[in-house]
Structures are given as structure tokens and as C-alpha cells.
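To keep things clear, I will list the structure first and then write my remarks on it.
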Amino acid sequence: MLPMVKARRVSRTAVAISVSGSVDRSTAGYVTRVAEYMLDHVDSRPERVELDLTEVTGVDEVGFTSLVDVAAGASAAGAAVVVRCGAERAMLERHRCGRGVASEQIGRMLRLHLKFVVRRRRSRPAVAEARVVRWCPGPLAGRNRG
């Protein structure tokens with residue numbers, strides 16, 4: 001089953017993307033495509049992108065890479081990226097947020113968030129170590145939108 005990805009324009013240059021459900025090998029491409037479509041259809045370069053991961057219930061290595069690609073790609077395009085996960089909120093500064101910073105912030109937030117989900121529902125796997133062993137650039141990585 002595909003995760004629910006809601007993408008909406010908040011203003012002419014601001015985009016909000018909300019992901020809920022499980023993001024894994026079979027659904028990661030869908031999440032990336034929806035985010036890429038929304039970022040491409042903003043009237044001008046996006047100045048602010050909000051990525052809400054509060055409703056994510058599970059993620060594997062490929063899904064994690066997809067979420068990081070969305071955040072890092074938006075940041076590389078010049079947008080200030082706000083990542084939300086539960087009560088946690090992190091601001092990834094535009095241009096300064098490399099892939100490593102995005103990976104570290106999102107990984108930390110998901111590990112904290114998904115531990116609670118696992119305690120509640122033991123059948124769902126948690127992200128024990130959200131380390132990306134090998135990075136294959138996605139469609140948003142290193143893309144110049146200017």
C-alpha cells in the first residue's frame with residue numbers, strides 16, 4: 001500500500017509536503033516523485049519547504065534515502081527546509097544544508113519518533129541505525145532550479 005503524500009502550496013513560493021504511512025523500498029520512488037512534482041510546479045523558486053514526517057510509521061534504508069533526497073534537493077535549490085517529526089522541528093539552512101546535515105537531522109528525528117511507534121505496535125520494525133551505507137543520487141540531488 002502506498003503511503004499518503006500530501007503536497008500543497010502554502011504561498012507562491014512556499015510548499016508543504018506531508019508524508020504518512022510506511023516509506024520503504026517499494027514506496028520510496030512514489031514519495032520522491034510527488035515531492036519533485038510539487039517543487040517543479042511552484043511559480044518561482046521555492047523559498048521555503050516544510051517536510052512533515054509526523055505520521056511516518058516505518059522506514060527502511062531506501063525510504064530513508066528518499067526522504068533525505070527530498071530535503072537535500074530542496075535545500076540545494078535554495079529553499080529553507082523545515083523538517084517536522086512529532087514535536088521535533090529542525091530548520092535546515094538554505095545552501096548550507098548538505099546531504100550529511102539533512103541525513104543526520106532526519107535520522108535522529110525518525111529514530112526518536114519511531115521508537116514510540118514500535119513500543120505501541122510491536123509488529124512494525126523501527127529504524128535501529130538510519131545510516132546510509134552507499135548513496136545513489138536521486139532525481140532531486142544536485143539539481144539546479146535557478
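Its first residue numbered 1, the sequence shown is counted upward by one per residue in full-length UniProt numbering.
Virtual Cβ for every residue (Gly too), placed ideally from N, Cα, C.
Per DSSP, Ser-75 lies in no beta strand (DSSP E); the unbroken alpha helix (DSSP H) holding it starts and ends at 61 to 76.
Contact between Gly-63 and Ala-28 holds, with the beta-carbon distance rounding to 5 Å and staying under 8 Å. By the 16-neighbour rule on beta-carbons within 10 angstroms, Met-4 is exposed.
Taking the Cβ atoms as the reference, Gly-78 lies roughly 6 Å from Arg-45, within the contact range of under 8 Å. With fewer than 16 other beta carbons inside 10 angstroms of its own, Gly-100 counts as exposed.
Assignment of beta-bridge partners to Arg-33 by DSSP yields no partner.
Note on Met-109: 16 or more other CB atoms within 10 angstroms of its CB, so buried under the neighbour-count rule.
If you draw a straight line from the Cα of Arg-33 to the Cα of Asp-69, it comes to about 11 Å.
In this structure, DSSP gives Glu-104 a helical state, which the three-state scheme calls helix. Put simply, of Glu-61, Glu-55, Asp-60 the residue whose alpha carbon is nearest the alpha carbon of Val-83 is Glu-55. Val-31 and Arg-25 have their alpha carbons spaced roughly 11 Å apart.
In the DSSP assignment, Glu-88 is bridged to Cys-85.
Nearest neighbour of Val-15 by Cα position, chosen from Ala-7, Ala-76, Leu-2, turns out to be Ala-7.
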